[in-house]
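Colleague:
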Amino acid sequence: MDELSPYGLRLALYLLSMLLFGRLLFVRPALPRGIFLPLTAGALALVGVDALARVSSLLGLPAADIDRDTAIWFATGTPVGVATTLRALALLLAFVLLLPTATVRGARRLALLVLAAAALGSLAWNGHAVAGDGLAGDLRLGAGIVHLLAAGAWVGAIAAFLQLALRRQGPGLRHRTHQLWKATHRFALPGTAIVALLAMTGTYSYVDLGGSLHTLTGTAHGRWLLFKLGLVAAMLLLAALHRWRLVPALAVAIHAGWQPRPLRSLRRGLACEATLALLVLACVAVLGTLDPRA
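Taken in order, the sequence shown gives residues 1 to 294; the numbers are from UniProt numbering.
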């Protein structure tokens with residue numbers, strides 16, 4: 001159980017950071033402050049736990065024995081520590097911005113989106129993207145940041161669609177279903193761009209790290225990556241099913257006589273896609289701890 005805890009911590013940190021960024025990016029339907037506040041507070045708490053775990057692992061010290069000087073050294077004297085400090089500051093500022101009012105829109109939303117992007121992008125320092133110096137290292141790090149932001153956008157879109165799809169029955173159900181149709185229909189172009197960014201940055205990072213067909217099948221990292229790619233392929237198949245079958249069927253149900261079956265089918269598809277996304281993030285949590293060449 002202790003061996004699994006670092007992976008669980010990484011998974012939770014990735015998930016909350018991506019949900020915060022992605023739901024700020026896709027504001028429809030709007031989320032109340034009562035959701036954003038716990039997301040931000042939870043991510044901030046996880047940053048602190050992650051920092052303690054990293055210092056403890058790095059120096060071989062129990063968390064209780066980490067003193068002030070050691071914490072300052074980690075926070076200011078190591079690249080991962082500096083990224084952790086910036087992540088904590090971004091989340092703390094986001095939390096403060098959320099306190100005064102229940103509305104999350106306009107300039108406030110833009111500021112929160114920038115802070116959430118900074119917090120999510122800083123997680124690139126937690127993985128292989130930070131390995132390297134000079135121009136090659138900068139390109140690798142940039143690809144890692146873009147990959148994280150694109151993944152956060154995808155996770156946020158799934159969460160937004162699920163929020164629309166899982167609304168309770170009532171007199172406004174048909175109108176809310178029309179909102180769901182519009183949101184999923186308009187996501188076609190952004191969704192294609194997100195997938196393209198994920199594919200390009202993921203391929204570049206793997207090849208840049210020395211990955212090959214041999215390491216893809218002959219190493220633990222490669223086998224986990226293959227499993228992750230299989231999950232992503234399943235998500236893409238579901239996305240294609242949504243775009244070409246379920247969303248058009250939903251449009252017919254709305255305009256040619258109300259039928260609840262297409263809505264139920266889309267709900268199940270979105271729930272499956274969310275489950276697959278969670279499994280992909282679990283793979284990411286493991287992959288960040290494995291050597292791509294060994």
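Idealized CB from N, CA, C, for every residue including glycine.
Check whether the segment 90-105 touches the segment 66-81, counting contact only when three or more Cβ pairs, one atom from each stretch, lie closer than 8 Å.
Modeller: no
Colleague: Measuring alpha carbon to alpha carbon, tell me which residue in 210, 189, 278, 13 is nearest residue 124.
Modeller: 13
Colleague: Quick one: Cα of residue 175 to Cα of residue 224, how far?
Modeller: 43 Å
Colleague: Take residue 21 and list the residues in its own chain whose beta-carbon comes closer than 8 Å to its own, dropping the five residues that flank it on each side.
Modeller: 113, 116, 117, 119, 120, 149, 152, 153, 156
Colleague: Buried or exposed: residue 280, going by 16 or more other Cβ atoms within 10 Å of its Cβ?
Modeller: It is buried - the Cβ of residue 280 has at least 16 other Cβ atoms within 10 Å.
Colleague: Thinking residue 162 and residue 274 are a contact (beta carbons under 8 Å), I'd like their distance in whole angstroms, please.
Modeller: Their Cβ separation, rounded to whole angstroms, is 6 Å, which keeps residue 162 and residue 274 in contact under 8 Å.
Colleague: Rounded to whole angstroms, how far is the Cβ of residue 246 from the Cβ of residue 266, which I believe are closer than 8 Å?
Modeller: 5 Å
Colleague: Please classify residue 217: is it buried, with 16 or more other beta-carbons within 10 angstroms of its beta-carbon, or exposed?
Modeller: Answer is exposed; the Cβ neighbour count stays below 16.
Colleague: Residue 140: buried (16+ other C-beta within 10 angstroms of its C-beta) or exposed?
Modeller: If you draw a 10 Å sphere on the C-beta of residue 140, you find 16 or more other C-beta atoms in it, and that means buried.
Colleague: The alpha helix (DSSP H) spanning residue 295 covers which residue range?
Modeller: Only positions 1 to 294 of the chain appear in this structure, which leaves residue 295 out of reach.
Colleague: Can the beta-carbon of residue 100 be found closer than 8 Å to that of residue 215?
Modeller: no
Colleague: Under 8 Å, do residue 40 and residue 94 count as touching if we go by C-beta distance?
Modeller: yes
Colleague: On the CB-based measure, 16 or more other CB atoms within 10 Å of its CB, does residue 146 come out buried or exposed?
Modeller: buried
Colleague: Whose CA, out of 26, 17, 54, 28, lies closest to the CA of residue 37?
Modeller: Minimum Cα distance to residue 37 is reached at 17.
Colleague: My output table needs one value for residue 2: the three-state DSSP class, helix, strand or coil.
Modeller: In this predicted model, residue 2 has a pLDDT of only 45, less than 50, meaning its place in the structure is not dependable; the value taken from the coordinates is given anyway. Note: residue 2 maps to coil in three-state DSSP.
Colleague: Looking only at its own chain, which residues have a Cβ that is under 7 Å from the Cβ of residue 210, when we skip the five neighbours before and after it?
Modeller: 292, 293
Colleague: Under a three-way DSSP split, which group does residue 67 fall into?
Modeller: coil
Colleague: When you compare only the Cα positions, how much space is there between residue 136 and residue 204?
Modeller: 11 Å
Colleague: Take residue 158 and list the residues in its own chain whose beta-carbon comes closer than 7 Å to its own, dropping the five residues that flank it on each side.
Modeller: 270, 273, 274, 277
Colleague: Can you give me the C-alpha to C-alpha distance between residue 56 and residue 96, rounded to a whole angstrom?
Modeller: 29 Å
Colleague: In whole angstroms, give me the CA-to-CA distance for residue 191 and residue 85.
Modeller: 32 Å
Colleague: Hey, residue 251 and residue 11: beta-carbon distance below 8 Å or not?
Modeller: no
Colleague: By the three-class DSSP mapping on this structure, what secondary structure does residue 311 have?
Modeller: With the chain covering only 1 through 294, there is no way to say anything about residue 311.
Colleague: If you reduce the DSSP assignment to three classes, tell me which class residue 187 lands in.
Modeller: Judged by DSSP in its simplified three-state form, residue 187 adopts coil rather than helix or strand.
Colleague: With respect to the alpha helix (DSSP H) encompassing residue 47, which residues constitute its N-terminal and C-terminal limits?
Modeller: 33-59
Colleague: Please tell me whether residue 52 and residue 63 are closer than 8 Å, where the distance is taken between their beta carbons.
Modeller: The answer is yes: Cβ separation under 8 Å.
Colleague: Take residue 242 and list the residues in its own chain whose beta-carbon comes closer than 6 Å to its own, dropping the five residues that flank it on each side.
Modeller: 269
Colleague: Is it buried or exposed for residue 15, if we count other Cβ within 10 angstroms and need 16 for buried?
Modeller: The residue in question, residue 15, is buried, as its Cβ has 16 or more Cβ neighbours within 10 Å.
Colleague: In three-state DSSP terms, what is residue 88?
Modeller: helix
Colleague: Answer with buried or exposed for residue 122, where buried requires no fewer than 16 other C-beta atoms within 10 angstroms of its C-beta.
Modeller: buried
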